[in-house]
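Residue numbers (the numbering used here): 29 to 401. Ideal Cβ positions, reconstructed from N, Cα and C, are used throughout, including at glycine.
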């Protein structure tokens, strides 16, 4: 059995690419032949680059001419896939990525297709109008459609008529490893504080204005740390300043990949305040759970976020667009040691039983074997 993962771009920037790479490298580690085909995010590179993960596992990185609507335009992907597609028993395509879908359509591939439905196309309405026929072709052609949560697959309006061939594959991650001295340094910056952490791009759907407002309802022994950068940085800082919340809310800017595990370990609680279905899964919740931290997240209609963070098991889920709901949940968890300890252990247990990387790899392999049997 030989597999090809096909999707976005390399180097890895977002969650979809990371899942694709983790599956490819995970299969390499257990001797399953699996390649990865994607576009090069660096448009100055003009030739196809092949990176070997093992003698039987490669990343084939095709040159792209430009980025358009969050999609790398890469005619080379079409040529490469047409040339290579018959080498594979199964092609596992990651959606949404119109370029990957077009390459697969143009390849005239006759084997089995696994469609990994990470999210609906929500923001690019005009692009969806053009892409919809290709998306419909992909849905019909797929032997199986895989979501990241059962909720998202069930609620997607595009998959209503194909539920019989849908399943789900939760995103799994490795252990979060931290450095004790770095954790201590972070905690020493906020002595005696209950630390609430959130991480993500400073954009509208993250709901950070509600998280900042929640600080008004918290005592002075709380502090909220928000990591990340984005277009709303100035307006969020103005909200903090106008409400005199400088001692309770800090915008950290970008947190490095190296330092991120130390933050997860240094904090007391993780918060995901997102308000829109654009937040489909939120792997940051899993990273917090792996670090034995309770999570407060929102119940977003149609999203899998509240499935990832099981209410009263790994944390608390609350309504969207509500600063009070967030602050009430923070106080409920952080002001009762019994509740905190139960949810912290529950968070770790949920990571262990559902979201470990090796579980994702094994379940994906089971899906392939069911098609190839």
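Per DSSP, the continuous alpha helix (DSSP H) segment holding residue 182 begins and ends at 178-183. Shown here, residue 133 sits in a helix according to DSSP, grouped into three states.
For residue 332, the closest C-alpha among the options 183, 205, 209 is that of 183.
Remark: C-beta atoms of residue 113 and residue 106 do not approach each other more closely than 8 Å. Under the DSSP assignment, residue 86 falls in the beta strand (DSSP E) whose first and last residues are 85-90. Going by DSSP, residue 356 is part of the alpha helix (DSSP H) stretching over 351-362. In this structure, DSSP gives residue 108 a helical state, which the three-state scheme calls helix. Per the DSSP secondary-structure output, residue 64 pairs in a beta bridge with 33, 87. In this structure, the beta-carbon distance from residue 385 to residue 54 falls below 8 Å.
Here residue 245 is near residue 351, since their CB atoms are less than 8 Å apart. For the 8 Å CB-CB criterion, residue 336 and residue 373 do not form a contact. Distances from the CA of residue 140 to each of 33, 176, 225 were compared; the closest alpha carbon is that of 33. Spanning the alpha carbons of residue 214 and residue 176 requires a straight line of approximately 33 Å. Taking residue 233 as reference, the option from 252, 283, 301 with the minimal CA-CA separation is 301.
DSSP places residue 298 in the strand class (E or B) of the three-state scheme. In its chain, beyond the 5 residues on either side, 67, 68, 71, 100, 101, 102 have a beta carbon closer than 7 Å to the beta carbon of residue 92. If you ignore the 5 residues before and after residue 104, its C-beta comes within less than 7 Å of the C-beta of 76, 90, 91, all in its own chain and listed in chain order. In this structure, the straight-line span from the alpha carbon of residue 238 to that of residue 363 is close to 21 Å. Selection 381, 35, 304 evaluated against residue 151 yields 304 as nearest (Cα-Cα).
Taking C-alpha positions only, residue 257 is separated from residue 368 by approximately 30 Å. Short of 7 Å from the beta carbon of residue 84, and not among the five residues preceding or following it, lie these beta carbons of its own chain, in chain order: 61. The stretch 271-328 is shown to contain whole alpha helix (DSSP H) runs of 4 or more residues at 288-294, 311-318, in chain order. Residue 225 is positioned such that its CB atom lies no closer than 8 Å to that of residue 159.
Per DSSP, residue 80 lies in no alpha helix (DSSP H) segment; the continuous beta strand (DSSP E) that holds it begins and ends at 77-82.
Within the same chain, 225, 316, 321, 323 come within 6 Å of residue 298 by CB-CB distance, once the 5 residues on both sides are set aside. Excluding residues up to 5 positions away in sequence, 143, 173, 186, 187, 190 lie with their Cβ nearer than 8 Å to the Cβ of residue 167 in the same chain. According to the DSSP secondary-structure assignment, residue 123 is paired through a beta bridge with 145. When DSSP states are grouped into helix, strand and coil, residue 229 belongs to the coil group.
When the beta-carbon positions are compared, residue 325 and residue 334 come within less than 8 Å of each other. Here residue 145 is buried. Its C-beta has 16 or more other C-beta atoms within 10 Å. Taken through DSSP and simplified to helix, strand or coil, residue 339 comes out as strand.
With distances taken between CA atoms, residue 380 lies nearest to 198 out of 198, 154, 124. The three-state secondary structure of residue 150, taken from DSSP, is coil.
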